[in-house]
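Here is the structure we will look at.
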Amino acid sequence: MQCLALVDCNSFYASCESIFNPYLLNKPVVVLSNNDGCVVARSSQAKKVGIKMGMPFFQIKELVKKNKVHVYSSNYNLYGNISARVMSVLKELSDDLEIYSIDEAFLVLNKFSARSFYSRSLNIKNIIHKWIGVPVSIGIAPNKTLCKVANFLAKKDEAGSQVVSLMNKKEIELALKILDVQEIWGIGARISDFLKSNQLYTADDLSKKDPRWIRQHLGVVGERTYRELKGEVCLNLNSGSSIRNQCIVSRSFESYITNKDDLEKRVVSYATRASEKIRSEKLQVKSISVFIRSNKFNKNTKQYHCIKTLSFINPTNHIFDIVNKSLEALQSIFQEGIFYKKAGVILSDLYLENFYNNDLFDSECKIRSQRLARLNKTFDLINSRYGGGSISIAKENYERLHLTKRTNLSPAYTSNFDELAIAN
DNA sequence: TCTGGGGTCCTAGGACCC
DNA sequence: TCTGGGGTCCTAGGACCC
748 MQCLALVDCN
758 SFYASCESIF
768 NPYLLNKPVV
778 VLSNNDGCVV
788 ARSSQAKKVG
798 IKMGMPFFQI
808 KELVKKNKVH
818 VYSSNYNLYG
828 NISARVMSVL
838 KELSDDLEIY
848 SIDEAFLVLN
858 KFSARSFYSR
868 SLNIKNIIHK
878 WIGVPVSIGI
888 APNKTLCKVA
898 NFLAKKDEAG
908 SQVVSLMNKK
918 EIELALKILD
928 VQEIWGIGAR
938 ISDFLKSNQL
948 YTADDLSKKD
958 PRWIRQHLGV
968 VGERTYRELK
978 GEVCLNLNSG
988 SSIRNQCIVS
998 RSFESYITNK
1008 DDLEKRVVSY
1018 ATRASEKIRS
1028 EKLQVKSISV
1038 FIRSNKFNKN
1048 TKQYHCIKTL
1058 SFINPTNHIF
1068 DIVNKSLEAL
1078 QSIFQEGIFY
1088 KKAGVILSDL
1098 YLENFYNNDL
1108 FDSECKIRSQ
1118 RLARLNKTFD
1128 LINSRYGGGS
1138 ISIAKENYER
1148 LHLTKRTNLS
1158 PAYTSNFDEL
1168 AIAN
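When the letters of the first sequence are read in order and numbered with the numbering used here, they come out as residues 748 to 1171.
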């Protein structure tokens, strides 16, 4: 039987903030999303005072004040850096791994007896804490879904080791009995409501249901979850190297935009950033979507949400191609009289560079492409050496992504020489 | 006054083909 | 007058995840 371990960093963003500011340890800490909009991470002390995930910041201001909660704007540069450190250590300590998200990885633990899975995981947990300063929880099980169950239980075990193993039938059965259906990985709000309306309250209830009923009401995705709860392996480990399917750059605006010119600046900025991202991964795009939308929370204004997709004949990653196509898409969906609150650029249908041949009927194509590639390279080089936005497309007017509100941003401890932490 | 951003996978339905 | 059935491919939208 295969043995997987899911390593999940506890309150990751909040933990990252405390690494360089140990004063925050054991204090209530929250980290906010872009524009300081809502809560995206909470230390366990912040959870205890009643702050929920995803709550808008303006709704918890009282709680924050009353409980002296430390509030941080998100510092993605820092979190990305710490994540890379954690993942590189995990890579050394496992036989294989899948980096599942910024703060989670599935590890393959072979070559050891069942009894040693637990002690090996405990060792991993201690090393990550000692070397990097991030506390983690580990769930051990024969497949991904059960690893998630084990990890859920490990997270609850705050006073204990925070390592839980579900490698035998009895352990699994016990765990499923106490797990609410809505805590199952892959079961969201909609489906859990549906399950409860059918008198299925725990993972154990679900796992005892007729498979045909599951297939009919929950589809193939639900069936996989169901089978994994019963111990089968349906979800394979994805240990990397495969290219991503899409690249999104989108932002909510700090205030409403009604003017087309202002909206164009934003779209140019997002398209620029998206093109930089795919170039850095040596990818090219064939299909571009632009979406714009009004504020979905404000029912008093006219609601509008529209997305337009356009394609290139041949894939490209040149900034001008991507920016111009995005503007063309925006042009076709822009409507006057809307209070726009968010826009985004989505690049899909991605290929590795040089996957496509040049256009047979366009003899200039290759020369143009090579010229533009040099231009893009220079563009990227200038921005990487002198900072993002040092050079940008004139239309953008150097708006970039800088207009987001980040009132309580911590220093760039790991990426700016002038902001290194100082030990006194 | 103030409500994130970036992903994945699946399905239904339309367009088109023979 | 009477107009089928079986495919494929693509896209938009839904549900979920962190």
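Each residue gets a CB set at the ideal place from its N, CA and C atoms; glycine is no exception.
Source: prediction; values computed, not measured.
Grab me the residues of F864's own chain with a C-beta within less than 8 Å of its C-beta, minus the 5 sequence neighbours each way, in chain order. Spatial neighbours of F864 in its own chain (CB-CB distance under 8 Å, excluding positions within 5 residues in sequence) are listed in chain order as C750, A752, L856, I887, S912, M914.
Separation of L772 from S765, as counted between CA atoms: 6 Å
Residue environment, Q946, which counts as buried when at least 16 other CB atoms sit within 10 Å: By the C-beta density criterion, Q946 is exposed, having fewer than 16 other C-beta atoms within 10 angstroms.
Nearest CA to the CA of C785: which residue from Y826, F805, A793? F805
Looking only at C-alpha atoms, which of E1111, E1028, P889, L1167 sits nearest to K977? P889
Can you look up N898 in the DSSP assignment and give me helix, strand or coil? helix
Can you check the segment 984-1062 for any beta strand (DSSP E) of at least 3 residues that lies completely inside it and give the ranges in chain order? 993-1004, 1030-1041
What does DSSP give as the partner residue(s) for P803 in the beta ladder? Beta-bridge pairing by DSSP links P803 to C785.
Taking 8 Å as the threshold (C-beta atoms), are L965 and V1014 in contact? no
Sequence-distant residues of the same chain with beta carbon closer than 7 Å to S1022, five excluded per side: N1064, I1066, I1069
Under DSSP, the beta strand (DSSP E) around H817 begins and ends at which residues? Taken as a continuous stretch (DSSP letters only), the beta strand (DSSP E) holding H817 covers 817-820.
Checking 8 Å against the spacing of the C-beta atoms, do L730 and L854 come in under that value? For residue 730 there is no data in the structure shown, the boundaries of the chain being 748 and 1171.
Report all residues from its chain with a CB closer than 6 Å to the CB of D783; omit the five preceding and five following residues, and keep chain order. The answer, listed in chain order, is F804, S820, K1152, T1154.
Let me make sure I understand the geometry here. Which of I846, K794, T1019, A897 has the alpha-carbon closest to that of L923? A897
Sorted by chain position, which residues of the same chain lie with C-beta nearer than 8 Å to D842's C-beta, five sequence neighbours on each side aside? L854, V855, L856, N857, K858
Would S1162 and N768 be called neighbours here (beta carbons separated by less than 8 Å)? no
Can you tell me which of D951, A906, I1039 puts its alpha carbon nearest to the alpha carbon of K917? D951
DSSP three-state assignment for K1088, whether helix, strand or coil: strand
Report yes or no: do the segment 1094-1103 and the segment 1023-1040 share at least 3 C-beta pairs separated by less than 8 Å? yes
Please name the residue, chosen from L942, K815, H817, that lies closest to I961 on a Cα-to-Cα basis. L942
Quick check on the burial criterion: 16 or more other C-beta atoms within 10 angstroms. Buried or exposed for I1138? exposed
Residues in the same chain with beta-carbon distance under 7 Å from I995, minus the five sequence neighbours each way, listed in chain order, please. G1091, I1093
Contact defined as beta carbons within less than 8 Å: I believe V968 pairs with G933. What is the distance between those atoms, to the nearest angstrom? Here V968 really is in contact with G933; their C-beta atoms are around 6 Å apart, less than 8 Å.
Is T1151 helix, strand or coil by DSSP? Coil.
Can you say whether F1044 is buried or exposed, counting buried as having 16 or more other CB atoms within 10 angstroms of its CB? exposed
Would you mind stating whether E975 and K891 have Cβ atoms separated by less than 8 Å? The answer is yes: Cβ separation under 8 Å.
Through-space distance from T949 to E920, alpha-carbon basis: 11 Å
Quick check on D951: does DSSP put it in helix, strand or coil? helix
Burial state of E1011, where buried means 16 or more other Cβ atoms lie within 10 Å: buried
Less than 8 Å between the CB atoms is what I'm expecting for V754 and I931, so what's the real figure, rounded? Wrong, their Cβ atoms sit about 20 Å apart, outside the cutoff.
Comparing C-alpha positions only, which one of K1024, L1074, E905, A852 sits nearest to I990? K1024
Can you tell me the Cβ-Cβ gap for A852 and L844, rounded? I've got them flagged as a contact below 8 Å. Contact flag correct, Cβ pair sits at about 5 Å.
Helix, strand or coil at L893 according to DSSP, with G and I counted as helix: helix
Could you give the C-beta distance for R1040 and K1089, rounded to a whole number, given that I count them as a contact under 8 Å? That belief holds up - the Cβ atoms of R1040 and K1089 are roughly 5 Å apart, short of 8 Å.
Should T972 go down as buried or exposed, given a rule of 16 or more other Cβ atoms within 10 Å for buried? buried
DSSP-derived helix/strand/coil call for A752: Looking at A752 - three-state DSSP - the assignment turns out to be strand.
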